[in-house]
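Enquirer:
Numbering (this note's numbering), first residue to last: 583 to 693.
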């Protein structure tokens, strides 16, 4: 499910890039160089962020997908109980740490 969403985002990014490329070249063919340079800069700026998130997704995918009916019951029970536990923040900290690191891997440029 998460991987399907990523595929949709990648397809949207490709469609948007292609639409921009078409608009620029319809205005003036020399603007294609501008598009290529801008896209190359964007890819370079996003590379670390993408790498961190792809690695995190691959490492967590096996843990998120239950392999047996017993694992499904355990996951469901834990999800129901986690809000009632007095130490939920302590229990969720190791789970949330890599997610927060991945989400904050992107450094926004000051414009």
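Quick reminder that beta carbons are idealized off the backbone N, C-alpha and C, glycines included. Computed from a predicted model, the values in this text were never measured in an experiment.
Got a sec? Which residues, its chain only, sit under 8 Å from residue 583 by beta carbon, not counting five neighbours each side?
Expert: Because residue 583 sits at a pLDDT of 43, beneath the cut-off of 50, its placement in the model cannot be relied upon, and the following sentence gives the value as read from the coordinates. So the list is empty, once near-sequence residues are dropped.
Enquirer: Counting pairs of Cβ atoms below 8 Å between the region 635-642 and the region 613-626, do you hit three or more?
Expert: Output reads no: the region 613-626 does not touch the region 635-642.
Enquirer: Please go through the same chain and pick out, in chain order, the residues whose beta-carbon is closer than 6 Å to the beta-carbon of residue 631, but skip the five residues on each side of it.
Expert: Hits under 6 Å: 687 and 688.
Enquirer: Assuming residue 614 and residue 606 are in contact, meaning their beta carbons sit under 8 Å apart, how far apart are those beta carbons, in whole angstroms?
Expert: Rounded, the Cβ-Cβ distance is 6 Å, consistent with contact.
Enquirer: What do you reckon, are the CB atoms on residue 648 and residue 657 nearer than 8 Å?
Expert: Going by C-beta atoms, residue 648 is nearer than 8 Å to residue 657.
Enquirer: Given a cut-off of 8 Å, decide if residue 681 and residue 673 are closer than it, judged by their beta-carbon atoms.
Expert: For residue 673 and residue 681, no; Cβs fall outside 8 Å.
Enquirer: Check residue 676 in the structure and name its three-state DSSP category.
Expert: Helix at residue 676.
Enquirer: Helix, strand or coil, according to DSSP, for residue 664 in the structure here?
Expert: Residue state, collapsed to three classes: helix.
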